[in-house]
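Okay, so here's the structure we're looking at.
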Amino acid sequence: MNNKKGFTLTEIIVVLVILAVLAAFTIPTMLGFVSHSQESLCDTQRKDIVRLFETQSRITQGLNINPFTEDNYGDKAHLCPGGGVCYGYSYYESQNQAVGVMYCSEHTTVADGRLYIDTLVLLDKIKDMTDDNDIQKYLGIDNNNLSNDKYRAKILAENGGEWELMPQSILGATMYQKNSSDLRIQPYFFGTTLHKPTESIIYANIAKDTTGNNLWETNLVFNHENGKWYEYIVKHSDPHNDSRVSFSMTDLNESSWTDFKEELKDTSKWQVVE
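In this text, residue positions in the sequence shown follow this note's numbering: the first is 83, and each later residue adds one.
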């Protein structure tokens, strides 16, 4: 006589419920471990690239980090195990001493670096667009007003609709902006050709979004190449006014990042925040 007994429907349902509950707890945890592992690997990879680049630059003068990365590691889109795209920048402190930095669109978490990556993604998207209608569609607008704020609005929408506040750790290291706790990190596009910007820069302003007055006034700009903020320290001409004048971001409209980077070396106007 066969005494084997099968599972009842109720027992099967109970087992499935238990498995579902266990999965609800374990799968997110496992995914968290995977995500953290990918972030750590990406961070290590980028640091290794920068270290090797800076070492090689002492031997090969004029070396640029992006060609160096592609020659030794392949396409920058494949450097991050989490699917991020890596962007590298380099400059020379002396003839044989290069400094490199590499951002990842997925794992760069500081607000200034992350926002700069967002602007690069936008510029990459529109660089091959020759029809204004395509740009309008990408920006989500139904008119031909391709002003700076239309591009900024695209970035703003992707970042929660409000610019992030400047970290107090940075403000505290400035000379004249220590009490400016309402400053927010935001992008400015310039180098416009045929309605399309070709470059971007990060700066600080009190505006929470793309509305308000004096949107282009600032005393703090971000150098994406060395990851440092610079403070505009020019004093008012009035000897009785000890406050500092603002730098207008619109001054960059007829300029380029290469030219402006040279201006940042003028210590009578700009001071590194560190």
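Just so you know, even glycine gets a beta-carbon here, dropped at the ideal spot from N, CA and C.
For V183, the residue or residues it bridges with in DSSP
Per DSSP, the beta bridge partners of V183 are Y171.
Identify which residue in Q218, F304, E313, E336 has its Cα closest to the Cα of R196.
The shortest C-alpha separation from R196 is found at F304.
Using beta-carbon positions only, say whether A193 and I288 come within less than 7 Å of one another.
No.
Boundaries of the alpha helix (DSSP H) in which L253 is found, first to last residue
For L253, the enclosing alpha helix (DSSP H) covers residues 250 to 253.
For the putative contact between T205 and Y169, defined by C-beta atoms under 8 Å, what is the C-beta separation to the nearest angstrom?
Sequence inspection shows Leu at residue 205; the Thr mentioned does not correspond to that position. Wrong, their Cβ atoms sit about 11 Å apart, outside the cutoff.
For K310, the nearest candidate out of V181, T92, A102 (CA to CA)
It is V181 whose Cα lies nearest to the Cα of K310.
Considering just the uninterrupted stretch of the alpha helix (DSSP H) at P321, what are its terminal residues?
In the DSSP assignment, P321 falls outside any alpha helix (DSSP H) and carries neither an H nor an E.
How big is the Cα-Cα spacing for A102 and F272?
In this structure, the straight-line span from the alpha carbon of A102 to that of F272 is close to 52 Å.
Can you tell me whether E175 is buried or exposed? The criterion is at least 16 other CB atoms within 10 Å of its CB, across all chains shown.
Flag for E175 reads exposed.
What's the gap between the Cα of N215 and the Cα of N335?
Looking at the two C-alpha atoms, the distance is approximately 23 Å.
For S330, which residues does DSSP report across the bridge?
S330 is bridged by DSSP to E299.
So which of E345, H322, I284, K278 has the shortest CA-CA distance to N227?
If we check each option's Cα against that of N227, K278 comes out closest.
Assuming T292 contacts A235 under a Cβ cut-off of 8 Å, what Cβ separation, rounded to an integer in Å, is found between them?
That belief holds up - the Cβ atoms of T292 and A235 are roughly 5 Å apart, short of 8 Å.
From Q250 to L265, what distance separates their C-alpha atoms?
Rounded to whole angstroms, Q250 to L265 spans 10 Å at the Cα level.
Assigned exposure category for G114 - 16 Cβ within 10 Å defines buried:
For G114, the pLDDT reaches just 47, beneath the cut-off of 50, and the residue's location in the model is therefore unreliable, although a value from the coordinates is still provided. G114 counts as exposed, since fewer than 16 other C-beta atoms from the protein chains shown sit within 10 angstroms of its C-beta.
Roughly how many whole angstroms lie between the Cα atoms of I95 and S122?
C-alpha separation (whole angstroms): 40 Å.
Measuring only the C-alpha atoms, how far is S139 from E246?
When rounded, the distance between both Cα atoms is 36 Å.
Along the chain, where does the alpha helix (DSSP H) that runs through K219 open and close?
For K219, the enclosing alpha helix (DSSP H) begins and ends at 214 to 221.
Once you ignore the five residues that flank S262 on each side, which residues in its own chain have a CB closer than 7 Å to its CB?
Correct list, in chain order: L253.
Does the distance from the C-beta atom of F329 to that of Y312 stay below 7 Å?
In this structure, Y312 does not lie closer than 7 Å to F329 by Cβ.
My output table needs one value for E345: the three-state DSSP class, helix, strand or coil.
Looking at E345 - three-state DSSP - the assignment turns out to be helix.
Which word fits H306, buried or exposed, when buried means at least 16 other C-beta atoms lie within 10 angstroms of its C-beta?
Residue environment for H306: buried (at least 16 other C-beta atoms within 10 angstroms of its C-beta).
7 Å Cβ cutoff met for I237 and D213:
Contact annotation: I237 and D213 have beta-carbon atoms that are not nearer than 7 Å.
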